[in-house]
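Structure record follows, encoded as structure tokens.
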Amino acid sequence: QVKVDAHDEL
Amino acid sequence: MNIFRLLGDMCHLVAIIILFLKIWRSKSCAGISGKSQVLFALVFTTRYLDLFTSFISVYNTVMKVVFLVLAYATVYLIYLRFRSTYNSESDSFRVEFLLVPVAGLSFLENYAFAPLEILWTFSIYLESVAILPQLFMITKTGEAESITTHYLFFLGLYRALYLANWVWRYHTEGFFDQIAVVSGVVQTIFYCDFFYLYFTKVLRGSGKMTLP
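Protein chains in written order, with our numbering: chain A, 5 to 14; chain B, 68 to 279.
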């Protein structure tokens, strides 16, 4: 499971 | 999106614009570490590859593109356009001492062993240390122009606001990104010493920041 939560941050 | 995150992003943008305009207007990159700027360009490049794979929001896309363009424009000014003003002998930090451990760590400690994830992790780790050549250069020469210190101040403020953003997100969304948070804390610590000098020296009116 790739954690993508932080990927919305810059 | 919360107020800390938005203010953090704005401080980040202001910092990058301050640096770009300083070099552009003075036609000089004296006192600026080209190595740090190359590292930041590498940070943005490896992190924002998801521009091609996922859409988050118009804000997100626009900011990523702006950061990328400004980062490369700054590197262009330093290494090509105003190359003659670049203090390469003072910019002597060995970046391989950052790149090798950061690359190794991103392979070992990541959320998924996939190319984009490893590159994203690499960018997070690298960002936390990318400012070191610049701080090293200031320590070595013993001074920095005030405009350079304003750049560093906004960059440090951006980091501090991101910490507040994570505290906020933890309490409101239960969000906790271990890699981003730990790297972010490390990165912010690097600015503490600088913050102290900034408040005690620069804001008290001397034009340059000189180290004691």
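Beta carbons: idealized from backbone N, C-alpha and C, even for Gly.
May I ask you to report which of helix, strand or coil DSSP gives Thr120/B? In this structure, Thr120/B counts as coil in the three-state DSSP scheme.
Examine chain A for any beta-carbon lying closer than 8 Å to the beta-carbon of Met130/B, and answer yes or no. Put simply, the CB of Met130/B is near chain A, with a gap under 8 Å to one of its CB atoms.
Can you give me the start and stop residues for the alpha helix (DSSP H) that Lys102/B sits inside? Note, Lys102/B: alpha helix (DSSP H), 101 to 114.
Within 8 Å of any Cβ in chain A, is that where the Cβ of Asn127/B sits? Answer yes: the Cβ-Cβ gap between Asn127/B and chain A drops below 8 Å somewhere.
Take Leu109/B and list the residues in its own chain whose beta-carbon comes closer than 7 Å to its own, dropping the five residues that flank it on each side. Residues Leu193 of the same chain have their beta carbon placed closer than 7 Å to that of Leu109/B, with the five preceding and five following residues left out of the count.
Taking DSSP's pairing of strands, which residues face Ala211/B in a bridge? Looking at the DSSP output, Ala211/B sits in a beta bridge with Met276/B.
Let me confirm a value: His79/B is counted as buried when at least 16 other C-beta atoms fall within 10 Å, else exposed. Which label applies? Buried, by the Cβ-count rule.
Any idea if Ile70/B is buried or exposed, counting beta-carbon neighbours within 10 angstroms, 16 or more meaning buried? Exposed, by the Cβ-count rule.
So, helix, strand or coil for Leu14/A, using DSSP? Annotated three-state conformation of Leu14/A is coil, per DSSP.
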